[in-house]
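J.: For the record, the sequence lines run as chains A and B. If you're matching positions, the first sequence starts at 110 in this note's numbering and goes up one per residue. If you're matching positions, the second sequence starts at 110 in this note's numbering and goes up one per residue. By construction, the Cβ of each residue, glycine as well, lies at the ideal position given by its N, Cα and C atoms. My questions will all concern the structure given below.
Protein chains: 2
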Amino acid sequence: MSEGKKKEFDKKELKAKIEKATERLSLLERQAREAKIPILITFDGFSAAGKGLQINRLIQAMDPRGFDVFAFGKEGEESKMHPFLWRYAIQTPADGRIAIFDTSWYRHVQKDLFDGKTKESELDDAFYDICAFEQQLIDSGMVLIKLFLSISQKEQKRRFEKLEDSKETSWRVNSNDWKRNAQYEKFEKINENMIARSENKQAPWIIIDANEGETASLAIMLAVIERLEKALADHAKGNRSGKYTGPIPEKDQYKKGILSKVDLTKSLEKKEYKEKLDKLQKKIEKLHSELYRQRIPVVLCFEGWDAAGKGGAIKRLTSHMDPRGYKVCPTPAPNSVEKAHHYLWRFWNNVPKDGHIAIYDRTWYGRVMVERIEGFCTEDDWRRAYKEINDFEAHLIHSGAVVLKFWIDIDKDEQERRFNERVINPAKQWKITDEDWRNREKWDRYEEAVNEMIANTSTEAAPWIVVEGNSKLYARIKVLKAVVKTLEEKIEEVEKVKG
Amino acid sequence: MSEGKKKEFDKKELKAKIEKATERLSLLERQAREAKIPILITFDGFSAAGKGLQINRLIQAMDPRGFDVFAFGKEGEESKMHPFLWRYAIQTPADGRIAIFDTSWYRHVQKDLFDGKTKESELDDAFYDICAFEQQLIDSGMVLIKLFLSISQKEQKRRFEKLEDSKETSWRVNSNDWKRNAQYEKFEKINENMIARSENKQAPWIIIDANEGETASLAIMLAVIERLEKALADHAKGNRSGKYTGPIPEKDQYKKGILSKVDLTKSLEKKEYKEKLDKLQKKIEKLHSELYRQRIPVVLCFEGWDAAGKGGAIKRLTSHMDPRGYKVCPTPAPNSVEKAHHYLWRFWNNVPKDGHIAIYDRTWYGRVMVERIEGFCTEDDWRRAYKEINDFEAHLIHSGAVVLKFWIDIDKDEQERRFNERVINPAKQWKITDEDWRNREKWDRYEEAVNEMIANTSTEAAPWIVVEGNSKLYARIKVLKAVVKTLEEKIEEVEKVKG
């Protein structure tokens, strides 16, 4: 065969292979949708590697009603005011959907690092957060496919020049692109380091030689096909979410724990309460303004027994705050959209912006309390959740947030007294439901779960504060005091750093 | 009584009244929640009128789990790339929830007008859009409470100076604030004009004298109480959504209509199809890039009989587009979150940014087709919807969008042929459901509804294009041609304006 003929033959063969792959992919996509498997495909790599083109070829095989493409450019105003994973986390796919990310969180440890937006000193935390985040997605049953599109320095230069040649496309190339081309080796090193530090056997990096478009398309399709086939096979075997592989505590280890040591006799007189309340609320008003100026995000978590006084404490906490700077996030039973996502997804959606306060009335800890006890998730799920939650909070803290968690404690008699009061008082009847009485019957199991939860998730940066709640007045003051103290310390710390 | 004693007495009385109002409000809020009434309270007015303080006092009466406060400052990156109502529309409350807006869409015809961001020439459209938008919310059963907080020039100056005195608050005052204070009369005129042009009996403006904070608080509470009492009384009487008051067509007027005149014999040969397709797709690729550069948003709507070929047409339309610049928005049965909102809400959420294309696979026209025929909304609801939809599309057009609507038509025999093909073909079986066969039985009623819909909603700026679809090839080319033609015209128009 002559050289020309050989080329033509190869091209034809390639085209036929792509067609076959497209057909196969189309079928697998539908099966994955029916199996309700969420799929996340990320495209990273070199500028002008042809991500747009490759994504378009890939989606030709898919039902346009089943996927979403998200183009993440450089961070905008909103993203900059949130942890760097935020804008990606809120777009992770629901069960049965495909999300395609045109550049992913890796931008933070790649381009943004090269461009100096991410500091070297932040890298360790960033890689930790990325690896933890990916593991969570994978363990929740998501198929994560990470593609890295690579082209040579010469080819990149050729493509930049071609783009610049036409007025329709010249805006696509900027000076940073040229800088990365000029310092190709430096950028390549960053990529190599990035890939090495984020390897995950369940979501391995797939490096695509993208110097030649058609060959790259086929390689991408085959990679996606392989992963989908594996996921569907796993699914058929019933292997969906991740196994918990850590240590299992001894039986009854947490029957007795921190809650048994809480001194519920602590109380406060009305007069002292009023004086302290007034002083603390005025302090909070000022601190809230300071937080805003210093752009510190604050996460305040409230958990506790039914009728422990979470609502009342939140009310006193917020009464002097500027309503434009805080948000109370209630946590009712998840709706159908929330249920179709990772359990942390709905909380990601309420992560506070810099300078804002998010107050969660019940939280992600539902995973290891109600979901555990009611069997809404598997044992593997809730056992994994302690680490997942610690990692989630760590990410918030890495991005500058204050995280405080309150467990408001009361004893069983006090709860009964309050329940009965609610039954009698017409203004409070709406607060009490049959479910409250049913939950009460599970007191001991909850106590065990709470003991285990606090033991496993009270970290230095995000400690649990157990609040003696039999006296509502005492409890409210303790909460306010803790918030004031922590905020004052944080503001001082930030001011010191800023100098 | 001495002057001093009188003052003290008045103050005490005011405080008692506020306390009573707080209690009343608390009860009404709960009742409104139980009745699933959505409530939207907007705060507009003069800078430093104390909106933050007043909002905080108001929400003290409410369960923090029942409301959200949204502070809308000047438009950010995202908002600027959308119609001005967009950022507000996507935050309108769900059934049973309260949304409080710290400044609303009125900013666009008030501060932004004063500051020169909104042009005088845009005002007529803007007021039309605002009034139509509010009427839609009201007619859907939402309680809309519009508060305008007024202070005198002198008082405003005093407050600005006080804010500037302290480092914690000085950032709240900017040069535009001072400019509006200096030109108080001019700004007042703008406000008067705004209020006059947007009066609505069902959501009247409530002007609050905010020179004195406590008196203002009471006035606000009483106003909200009055509106909630009325809404609850209406609700108890079963008056929830708005009546349709326009003309009713004669019986059977739309039995025969535009669909009976469609020439379904039109067809296209494969060879000609391929040539034309190739040419058109290449044009679209280029036009898509131009759209992006010129920041033109595009809305393409696809409706048609089941199996008419919407999916196939969309596929050919998008195959050469950059996947980062368009989005296919499927419209399945609404989920629980969508059902709890205004029926246009989920579409607002997908309104394209400037420079982007949104392709809706089925649309808001479901309101006057499936929802009408299946009884998912009342007759008043779908009869009102023609105007509501026209107004919604008009707003998109006012903000620079291209809106095109395709009805892909086939006849009943062709549909049967395609259904049967789907039944036999294993690769297509998933596309056919029992519901498709059931809908087919309602063909005549759908035909009547479609005739009426096209007659009522084909506007000059957003025309319906009826596509002869018995020949898939012919239909696809007709769709692509129409898109190319419209986009070319729009780009030319925009370039002409820019000069």
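By DSSP's criteria, S580/B is part of a beta bridge. Which residues make up the other side?
T.: Its beta-bridge partners do not exist; DSSP assigns none.
J.: Taking the DSSP output, what are the residues bridged to G413/A?
T.: I517/A
J.: Give me the chain B residues within the contact set of T278/A, using Cβ-Cβ distance strictly less than 8 Å, ordered along the chain.
T.: S398
J.: Using a Cβ-Cβ cutoff of 9 Å, what residues of the stretch 421 to 434 of chain B are near chain A? List them in chain order.
T.: I423, K424, T427, S428, H429, M430, D431, P432, R433 and G434
J.: Could you list which residues in chain A have their beta carbon closer than 8 Å to that of R139/B, in chain order?
T.: W539
J.: Whose Cβ in chain A lies nearer than 7 Å to the Cβ of A180/B?
T.: In chain order: R433.
J.: Alpha carbon to alpha carbon, what distance is there between G185/B and G185/A?
T.: Straight-line Cα distance between these residues: approximately 10 Å.
J.: If you draw a straight line from the alpha carbon of K276/B to that of F515/A, how long is it in whole angstroms?
T.: 32 Å
J.: Can you have a look at W457/A and say buried or exposed, based on whether 16 or more other CB atoms are within 10 angstroms of its CB?
T.: buried
J.: Cβ of Q200/B less than 8 Å from any chain A Cβ?
T.: no
J.: Between which two residues does the beta strand (DSSP E) carrying C438/A extend?
T.: Y435 to P439
J.: Could you tell me which of S567/A, D545/A and F193/A sits nearest to K462/A, measuring between CA atoms?
T.: The option with the nearest alpha carbon to K462/A is F193/A.
J.: If distances are taken between C-alpha atoms only, which option among N444/A, I239/A and K145/A comes closest to N501/A?
T.: In the sequence on display, residue 501/A carries Phe and not Asn. The candidate whose alpha carbon is nearest that of F501/A is I239/A.
J.: Going by alpha carbons, who is nearest to A170/B out of A342/B, V333/B, N560/B and K581/B?
T.: V333/B
J.: Short check: CB of F242/A to CB of T212/A, under 8 Å?
T.: no
J.: Please name the residue, chosen from R133/A, I586/A and G175/A, that lies closest to Q390/A on a Cα-to-Cα basis.
T.: I586/A
J.: If you draw a straight line from the C-alpha of T472/A to the C-alpha of I168/B, how long is it?
T.: 22 Å
J.: At a Cβ threshold of 8 Å, is Q169/A touching chain B?
T.: It does: the Cβ of Q169/A has a partner Cβ on chain B nearer than 8 Å.
J.: Of all the options K448/A, V593/A and I247/A, which has the alpha carbon lying nearest to the alpha carbon of N348/A?
T.: The shortest Cα separation from N348/A among K448/A, V593/A and I247/A belongs to I247/A.
J.: Could you check if Q362/A is buried or exposed, using at least 16 other CB atoms within 10 Å of its CB as the buried criterion?
T.: exposed
J.: State the Cα-Cα distance for the pair T566/B and L409/B, rounded to the nearest angstrom.
T.: 15 Å
J.: Does any residue of chain B bring its CB to less than 8 Å from the CB of P406/A?
T.: No, its Cβ sits nowhere closer than 8 Å to a Cβ of chain B.
J.: Using the C-alpha atoms, what's the distance from N459/A back to L400/A?
T.: 18 Å
J.: As an exercise, report each continuous beta strand (DSSP E) stretch of at least 3 residues that is fully enclosed by the stretch 268 to 349 of chain B, in chain order.
T.: 314 to 318
J.: So, does the stretch 127 to 145 of chain B touch the stretch 261 to 274 of chain B, judging by three or more C-beta pairs under 8 Å?
T.: no
J.: Is it the case that the Cβ atoms of V252/A and I148/A are separated by a distance below 8 Å?
T.: In this structure, I148/A lies closer than 8 Å to V252/A by Cβ.
J.: Along the chain, where does the alpha helix (DSSP H) that runs through Y555/A open and close?
T.: W552 to T566
J.: Could you check where the alpha helix (DSSP H) with I498/B kicks off and where it finishes?
T.: E488 to H507
J.: Please report the straight-line C-alpha distance between T487/A and N309/B, rounded to a whole angstrom.
T.: 54 Å
J.: Taking the alpha-carbon positions, what's the N560/B to R547/B distance?
T.: For N560/B and R547/B, the distance between alpha carbons rounds to 20 Å.
J.: Would you mind listing the alpha helix (DSSP H) stretches within the stretch 356 to 421 of chain A that are 4+ residues and don't spill past its ends, in chain order?
T.: Runs of the alpha helix (DSSP H) inside the stretch 356 to 421 of chain A: 379 to 403.
J.: Just the C-alpha distance for L231/B and K605/B, rounded to the nearest angstrom, thanks.
T.: Correcting the residue type first, residue 231/B is Glu in the shown sequence and not Leu. If you take the alpha carbons of E231/B and K605/B, they lie about 19 Å apart.
J.: Quick check on DSSP: helix, strand or coil for G154/A?
T.: The three-state secondary structure of G154/A, taken from DSSP, is strand.
J.: Taking just the CA atoms, how far does H344/A sit from I146/A?
T.: Rounded to the nearest angstrom, the two C-alpha atoms are 8 Å apart.
J.: Among E132/B, T151/B, S188/B and D204/B, which has the Cα closest to the Cα of S445/B?
T.: D204/B
J.: Counting C-beta neighbours from all protein chains within 10 Å, is the total for V588/B 16 or more, i.e. buried, or is it exposed?
T.: buried
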